[in-house]
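Here's the structure, in C-alpha cells; my notes come after.
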Amino acid sequence: RPNSLSPMNRAKSAPGAPVSAGATVFVTTPRSNKRRDHYSLLVLNSLLDAHPKGIRTDSEGGRLPLHTAISGLASAKVIRTMLRAYPDSAKQRTKDGYLPLHLAAHWGVSSLDVVAAILRTYPDASVGRNRFERTPLEEALVIAGENGRPHQVGLVRSLRRHPSHWAAAGPSATGASAELNVAFSGM
176 RPNSLSPMNR AKSAPGAPVS AGATVFVTTP RSNKRRDHYS LLVLNSLLDA
226 HPKGIRTDSE GGRLPLHTAI SGLASAKVIR TMLRAYPDSA KQRTKDGYLP
276 LHLAAHWGVS SLDVVAAILR TYPDASVGRN RFERTPLEEA LVIAGENGRP
326 HQVGLVRSLR RHPSHWAAAG PSATGASAEL NVAFSGM
C-alpha cells in the first residue's frame with residue numbers, strides 16, 4: 176500500500192502533470208483492469224453495507240451515485256451492482272433532465288454491457304428526453320458522432336433498438352456485449 180502523498184507530490188502525480196525522467200509510468204493492462212474492478216466492487220459493497228441509503232442519496236445537481244459512476248466510465252460490474260442495489264436509479268433524472276442513459280451517451284461507456292444493463296433495467300430510457308429535448312441516441316450522435324469514442328458504434332446501435340427488445344430481454348445482466356455484437360453483425 177503506497178504512503179499517502181504530500182500536497183506537493185499530489186500535484187506532481189495529477190493527471191496531465193509532466194512526467195520526470197526517472198519516474199515509473201504505469202500502463203493499464205487487462206490484469207490491472209481486473210484488479211481495479213475487484214477493488215472497486217469491494218469498496219462499493221462495503222459502502223452499501225455501511226450506508227445502504229447512500230445509493231439513493233443525490234447531490235445538489237440531482238446526481239445519484241449511478242449518474243456519477245456512469246460519467247466516470249465505471250465498469251459494467253460496478254454499474255450492475257449499483258442497479259441491483261437500487262433499480263429505480265435508472266429512472267432518476269438529474270436537475271438537467273439527464274437519465275443515466277443520457278450520461279452514458281454523452282460521456283461514452285467502458286463497455287457495451289453498461290448500456291445493456293441500463294436498458295434492461297429501464298427499457299424506456301432510450302426514448303426519454305433531456306432538457307434539450309434530445310433522446311440518448313440523439314445525445315450520442317450530437318456529442319460524439321457514430322465513431323467518436325470506444326464502443327460508440329455499439330452504443331448507437333443499441334440505442335436504435337426498440338424498448339420492447341430490452342423489456343423482453345429482462346433485467347439479466349450477463350453476456351450483454353456478446354449479445355450486442357452478435358445482434359449487430361448482421362446490420
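Taking the numbering used here, the leading residue of the sequence shown gets 176, the next gets one more, and so forth. Here a beta-carbon is modelled for each residue, glycine too, at the ideal position from N, C-alpha and C.
Item	Value
Going by DSSP in three states, valine 218 sits in which element: helix, strand or coil?	helix
Would leucine 294 pass as a contact of alanine 315 if the rule is Cβ separation under 7 Å?	no
As a quick exercise: from Leu276, Lys252 and Asp271, pick the residue whose alpha carbon is nearest that of aspartate 263.	Leu276
What would DSSP say about serine 207, mapped onto helix, strand or coil?	helix
Determine the extent of the alpha helix (DSSP H) in which valine 317 is found, giving its start and end residues.	311-319
CB leucine 334 to CB alanine 300, shorter than 7 Å?	no
Look at the alpha carbon of aspartate 233 and the alpha carbon of tyrosine 214, and state the distance between them as a whole number of angstroms.	24 Å
Excluding the five sequence neighbours on either side, which residues of its own chain have a C-beta within less than 7 Å of the C-beta of glycine 363, listed in chain order?	The question about residue 363 has no answer here: the residues shown for the chain are numbered 176 through 362.
Comparing C-alpha positions only, which one of Thr296, Asn305 and Leu278 sits nearest to threonine 256?	Thr296
Applying the criterion that 16 or more other CB atoms from any shown protein chain within 10 Å of the CB defines a buried residue, is aspartate 224 buried or exposed?	exposed
Could you give the DSSP three-state label for lysine 270: helix, strand or coil?	coil
On the three-state DSSP scale, how would you describe histidine 213?	helix
Taking the Cβ atom as the reference point for each residue, do proline 298 and alanine 244 lie within a distance shorter than 7 Å?	no
If you draw a straight line from the alpha carbon of alanine 344 to that of valine 289, how long is it in whole angstroms?	15 Å
Per DSSP, what kind of secondary structure is arginine 231 in: helix, strand or coil?	helix
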